[in-house]
Amino acid sequence: QKEVEQDPGPLSVPEGAIVSLNCTYSNSAFQYFMWYRQYSRKGPELLMYTYSSGNKEDGRFTAQVDKSSKYISLFIRDSQPSDSATYLCAMSSGNQFYFGTGTSLTVIP
Amino acid sequence: GAVVSQHPSWVICKSGTSVKIECRSLDFQATTMFWYRQFPKQSLMLMATSNEGSKATYEQGVEKDKFLINHASLTLSTLTVTSAHPEDSSFYICSAFFRGALAKNIQYFGAGTRLSVL
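Protein chains in written order, with the working numbering: chain V, 4 to 112; chain F, 851 to 968.
Below is the structure:
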């Protein structure tokens, strides 16, 4: 079983839609949970991070962590064409990091 | 937020030459830096973990003599692709790990380097 599982998509939504991106994991020792956005031919950019369980909101983005279910989510409200990118989930324990394979998102104008 | 600077962003070289890629942490001292390779439409593939002042730890299947990593200071790590060949053409990304309450135990990535070997 992989440490982190993420549906690669691709996911295509109309502009203005709510997008839900998800990852599951198997290691209960993970403490930090992150979402990165990666545009084509660019390095990943940190979007959100959460320590332990709970929700965190930043503008149109909301990150949720459910440690009991080992499940994390990223919600994007009022999606824009500029949100079209690959979204990577990541989690860490100490200096061990694990990344999902990324979900490709296209927001259609 | 923390910033990681990676240079060059794109390099084209002839087969057999060596290429050096620099990764600098600008806002924090990075105890650890990571080097990744990414093929088109694929996820990040960890190549090596670089700790300041010590030898890099390479992932299985990565040739340490081919991909030389130097982490001489807490703000600079370099990756040298020696005797590059066309199959080494790829997107290389570095990241820096900032430990501690302020930095939240998170990896910050450079912008990546596209290497094209002719």
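Where a beta carbon is used, it is the ideal one built from N, C-alpha and C, also for glycine.
Just the C-alpha distance for V869(F) and L876(F), rounded to the nearest angstrom, thanks. Taking the second sequence and counting its residues from 1, the one referred to as residue 869(F) is at position 19. Taking the second sequence and counting its residues from 1, the one referred to as residue 876(F) is at position 26. Cα to Cα, V869(F) sits roughly 22 angstroms from L876(F).
_Closest to F78(V) by C-alpha separation, out of F64(V), K5(V), K70(V) and G46(V), would be which residue?_
The residue labelled residue 78(V) in the question sits at position 75 within the first sequence. Among F64(V), K5(V), K70(V) and G46(V), the Cα nearest to that of F78(V) is on F64(V).
### Query
So with Cβ pairs under 9 angstroms, would you call T882(F) a contact of chain V?
In the second sequence, residue 882(F) corresponds to position 32, counting from 1. Interface residue, yes.
* Which residue or residues does DSSP assign as beta-bridge partners of G57(V)? -> The residue you call residue 57(V) lines up with position 54 of the first sequence. According to DSSP, G57(V) bridges with V68(V).
ask   = By how many angstroms is the C-alpha of A946(F) removed from the C-alpha of A922(F)?
value = Start at 1 with the first residue of the second sequence, and residue 922(F) comes out as number 72. Start at 1 with the first residue of the second sequence, and residue 946(F) comes out as number 96. Roughly 14 angstroms between the two C-alpha positions.
key: Identity of the residues DSSP links to N25(V) by a beta bridge   = Here residue 25(V) refers to the residue found at position 22 when the first sequence is read from its first residue. DSSP lists S76(V) as partners of N25(V).
key: Residue-chain proximity (G19(V), chain F), Cβ-Cβ < 9 angstroms   = Translated into the one-based positions of the first sequence, residue 19(V) becomes position 16. Answer no: the Cβ-Cβ gap between G19(V) and chain F never drops below 9 angstroms.
Under DSSP, the beta strand (DSSP E) around P17(V) begins and ends at which residues? Locating residue 17(V) in the first sequence gives position 14, counting from the first residue. Per DSSP, P17(V) belongs to the beta strand (DSSP E) from L14 to P17.
request  = Scan the stretch 929 to 947 of chain F for residues whose Cβ lies nearer than 9 angstroms to a Cβ of chain V and list them as they occur along the chain.
outcome  = F941, I943, C944, S945 and F947
Nearest-angstrom Cα distance between S15(V) and L91(V)?
By 1-based counting over the first sequence, the position of residue 15(V) is 12. By 1-based counting over the first sequence, the position of residue 91(V) is 88. Each residue's Cα considered, the two are about 16 angstroms apart.
Alpha carbon to alpha carbon, what distance is there between S43(V) and T967(F)? Taking the second sequence and counting its residues from 1, the one referred to as residue 967(F) is at position 117. Taking the first sequence and counting its residues from 1, the one referred to as residue 43(V) is at position 40. In the sequence on display, residue 967(F) carries Val and not Thr. Each residue's Cα considered, the two are about 20 angstroms apart.
Let's see if you can read the secondary structure: which residues bound the beta strand (DSSP E) around A898(F)? Taking the second sequence and counting its residues from 1, one reaches residue 898(F) at position 48. M895 to N901 is the extent of the beta strand (DSSP E) around A898(F).
Just to confirm, is the Cβ distance from Y35(V) to S107(V) under 9 angstroms? Numbered from its first residue, the first sequence carries residue 35(V) at position 32. Numbered from its first residue, the first sequence carries residue 107(V) at position 104. No, they are not a contact pair.
Taking the alpha carbon of A93(V) as the reference point, which residue from L49(V), D86(V) and I21(V) has its own alpha carbon closest? In the first sequence, residue 93(V) corresponds to position 90, counting from 1. Among L49(V), D86(V) and I21(V), the Cα nearest to that of A93(V) belongs to L49(V).
For this session: For G962(F), decide whether its Cβ has a neighbour in chain V, counting only Cβ atoms nearer than 9 angstroms.
Result: Here residue 962(F) is taken as the residue at index 112 of the second sequence, counted from 1. Closer than 9 angstroms to some Cβ of chain V, the Cβ of G962(F) qualifies, so yes.
| chain F contact for A88(V) (CB, 9 angstroms cutoff) | Locating residue 88(V) in the first sequence gives position 85, where the first residue counts as 1. A88(V) does not count as touching chain F.
(message) Taking a contact to mean a Cβ-Cβ separation below 9 angstroms, would you say G999(F) touches Y942(F) in this structure?
(response) Outside the displayed span of chain F (851 to 968) sits residue 999(F), for which this structure offers no information.
Problem - Within chain F, partners of K45(V) - CB distance below 7 angstroms - result: The residue given as residue 45(V) occupies position 42 in the first sequence. Residues of chain F passing the Cβ test: A961 and G962.
Looking at C-beta atoms only, is the number of pairs between the stretch 20 to 33 of chain V and the stretch 68 to 83 of chain V that lie closer than 8 angstroms three or more? yes
Could you list which residues in chain V have their beta carbon closer than 8 angstroms to that of Q856(F), in chain order? For the purposes of this step, residue 856(F) is identified with residue 6 of the second sequence, where counting begins at 1. Within 8 angstroms Cβ-Cβ: G46.
Check: Thinking C-alpha only, which one of Q99(V), S31(V), Y101(V) and S85(V) is nearest Q41(V)?
Finding: As a working note, residue 41(V) is residue 38 in the first sequence. The residue with the shortest Cα to Cα distance from Q41(V) is S85(V).
| query | Mind pulling the beta strand (DSSP E) runs of 3 or more residues that sit fully within the stretch 921 to 959 of chain F? | reply | 926 to 931, 940 to 948 and 956 to 959
| task | From the DSSP output, in three-state form, read off S95(V) for me. | result | Within the first sequence, residue 95(V) is the residue found at index 92, counting from 1. Strand.
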